[in-house]
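Colleague:
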Amino acid sequence: MVGQPADTLYYGMASGSSQDDGNHGSIKSVAVAAQILEALAGSGGPMRLAELSRQLDMPRARIHRYLKTLRELGYVSQERNGERYWLGTRLFHLGQAAMDQFEITRIADRPMHELRETLGQTVVLSTPVNGEALVVAVVESENVVKISVRTGVRLAIPNSAQGRIVLAYAPPAVRDRILGKLSVRSQAETEARLEIVRERLYEFSSGEMLGGINVLAGPLLGDGDELAGILAIVGTTQDVSETPHAIAALQTQAARISTRLGSDAYDRLKE
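Just add 11 to wherever you are in the sequence shown, counting from 1, and you've got the working numbering.
#1: Please work out which residues of its chain come closer than 8 angstroms, Cβ to Cβ, to E62, disregarding the five sequence neighbours upstream and downstream, and give them in chain order.
#2: Just mark D278 as buried or exposed, buried being the case when its beta carbon has 16 or more other beta carbons within 10 Å.
#3: What do you get for R127, buried or exposed, if any count of 16 or more other CB atoms within 10 angstroms of its CB means buried?
#4: With a cut-off of 8 angstroms on the beta carbons, I'd call P230 and T201 a contact; round off their distance for me.
#5: Under the three-state reduction of DSSP, which class applies to Q89: helix, strand or coil?
#6: So if DSSP puts A6 in a beta bridge, which residue, or which two residues, is it bridged to?
#7: Pick helix, strand or coil for K157, following the three-state DSSP scheme.
#8: Compare the beta carbon distance of V134 and V155 with 9 angstroms and say whether it is the shorter of the two.
#9: DSSP three-state label for T263, please.
#10: What's the gap between the Cα of R175 and the Cα of F215?
#11: Can you grab the Cα-Cα spacing for the pair M69 / M58, in whole Å?
#12: Counting contacts by CB-CB distance shorter than 9 angstroms, is R209 in contact with chain C?
#13: Can you find the residues in the same chain that come closer than 7 angstroms, C-beta to C-beta, to L205, ignoring five residues on each side of it along the sequence?
#14: Confirm the yes/no value for this check: CB of I74, any heavy atom of the ligand FAD, distance under 8 angstroms.
#15: Where are the beta strand (DSSP E) runs, 3 residues long or more, that stay fully inside the segment 196 to 261, in chain order?
#16: Assign Y96 to one of three DSSP states: helix, strand, or coil.
#17: Expressed to the nearest angstrom, what Euclidean distance is found between the alpha-carbon atoms of A243 and Q173?
#18: Less than 9 angstroms between the beta carbons of G246 and N225, yes or no?
#19: Per DSSP, what kind of secondary structure is M69 in: helix, strand or coil?
#20: Could you please give the first and the last residue of the uninterrupted alpha helix (DSSP H) stretch that includes Q173?
#21: Hey, could you find the ends of the alpha helix (DSSP H) S40 is sitting in?
#22: Less than 8 angstroms between the CB atoms is what I'm expecting for P227 and V251, so what's the real figure, rounded?
#23: How would you call Q264, buried or exposed, if buried means at least 16 neighbouring beta carbons within 10 angstroms?
#24: So, under 8 angstroms CB-CB, I241 and A144 are touching, yes? Tell me the CB distance rounded to an integer number of Å.
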């Protein structure tokens, strides 16, 4: 769809946060609080208690107790004489501080610009958040007609290249939760696709989230091959395709970033 500037196309759509199953050894109360904040962050506006209860599949009374504490701490705001809630200003300041300290955005900045110069297309950096791909940095193409991706957008799973990469490296509980919503046939097909993603270290998407827009993406891996982010090239079907040249350019920069983060996965790919 066409954005504000007549020559800019906007790719991606926001999606709500979904419930996290948690991991062994985690503190459950912290996990629940995080789920509530993620739900509010992904809602696009104030949410009623009933909406939160339905989305997170938790009793209203339980969520209300958490909201009361989060509101007292400044992480959540509540309308006067109402039951609608939204993120508090304290989270805004924490978010600003987090971006200042977010190492991957600094490490990826030069490789992203070099990839844009090599292929002439918009380059996008995403990070895995609660089983989704969250866009955190964008280097737009300098073409007359360009594809623009907004930071803060959450990319659908499993119907996006970035989303499938997140799913390929997600903890088993998160992966099982998401795959469990698919048909048996779709589960098998998706699991096979995720295995291929892990083997070849890239994924391709054609027109899945927006007609006429292709995405070529690669995982950014850290120590222990844990997923730290996703590097993606976004462009029209004419400009972005699954060619050896594009894959090599993407993986060269993804390897640079991953090496800085402590992984030699791309070196092992060449063996």
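Every residue gets a Cβ at the ideal spot worked out from N, C-alpha and C, and that includes glycine.
Modeller: Inspection of the coordinates gives the following:
#1: Numbered from its first residue, the sequence shown carries residue 62 at position 51. Counting only Cβ-Cβ distances below 8 angstroms, and skipping sequence neighbours, we find S54.
#2: Taking the first residue of the sequence shown as 1, we reach residue 278 at position 267. Exposed, because fewer than 16 other Cβ atoms sit within 10 Å of the Cβ of D278.
#3: Within the sequence shown, the letter at position 116 stands for residue 127. Taking all protein chains in view, the Cβ of R127 is crowded by 16 or more other Cβ atoms within 10 Å, so the residue is classified as buried.
#4: Working through the sequence shown from its first residue, we reach residue 230 at position 219. Working through the sequence shown from its first residue, we reach residue 201 at position 190. With a beta-carbon spacing of about 17 angstroms, P230 and T201 fall beyond the 8 angstroms limit used to define contacts.
#5: Stepping through the sequence shown from its first residue, residue 89 is reached at position 78. Strand at Q89.
#6: The structure shown has nothing for residue 6, since the chain only spans 12 to 282.
#7: Residue mapping note: residue 157 aligns to position 146 of the sequence shown, counting from 1. Here K157 sits in strand by DSSP.
#8: If you number the sequence shown from 1, residue 134 lands on position 123. If you number the sequence shown from 1, residue 155 lands on position 144. At the C-beta level, V134 and V155 stay beyond 9 angstroms of one another.
#9: Here residue 263 is taken as the residue at index 252 of the sequence shown, counted from 1. The answer is helix: DSSP assigns T263 an H, G or I state.
#10: Mapped onto the sequence shown, residue 175 falls at position 164. Mapped onto the sequence shown, residue 215 falls at position 204. If you take the alpha carbons of R175 and F215, they lie about 10 angstroms apart.
#11: Along the sequence shown, one-based indexing puts residue 69 at 58. Along the sequence shown, one-based indexing puts residue 58 at 47. About 15 angstroms.
#12: Protein chain content of the structure displayed is limited to a single chain, and chain C is not contained in it.
#13: As a position in the sequence shown, residue 205 is number 194, starting the count at 1. In its chain, beyond the 5 residues on either side, R175, L178 and A179 have a beta carbon closer than 7 angstroms to the beta carbon of L205.
#14: Looking for the ligand FAD in the displayed structure turns up nothing, as the structure carries no ligands at all.
#15: Qualifying beta strand (DSSP E) stretches, in chain order: 214 to 217, 224 to 232 and 238 to 247.
#16: The residue labelled residue 96 in the question sits at position 85 within the sequence shown. Three-state result, Y96: strand.
#17: Along the sequence shown, one-based indexing puts residue 243 at 232. Along the sequence shown, one-based indexing puts residue 173 at 162. Straight-line measurement puts the Cα of Q173 at about 7 angstroms from the Cα of A243.
#18: Translated into positions along the sequence shown, residue 246 becomes position 235. Translated into positions along the sequence shown, residue 225 becomes position 214. For G246 and N225, yes; Cβs fall inside 9 angstroms.
#19: One-based indexing of the sequence shown puts residue 69 at position 58. When secondary structure is reduced to three states using DSSP, M69 falls in the coil class, being assigned neither helix nor strand.
#20: For this step, residue 173 is matched to residue 162 along the sequence shown. Membership of Q173 in the alpha helix (DSSP H) is indicated by the continuous run A172 to A179.
#21: Here residue 40 refers to the residue found at position 29 of the sequence shown. Element bounds for S40: K39 to S54.
#22: Sequence index remark: in the sequence shown, residue 227 carries index 216 (1-based). Sequence index remark: in the sequence shown, residue 251 carries index 240 (1-based). Here residue 227 is Leu; the residue named in the question, Pro, does not match the sequence. That pair is a contact at about 6 angstroms.
#23: Stepping through the sequence shown from its first residue, residue 264 is reached at position 253. If you draw a 10 Å sphere on the C-beta of Q264, you find 16 or more other C-beta atoms in it, and that means buried.
#24: Looking up residue 241 in the sequence shown gives position 230. Looking up residue 144 in the sequence shown gives position 133. Right, the Cβ-Cβ distance comes to about 6 angstroms (below 8 angstroms), so this counts as a contact.
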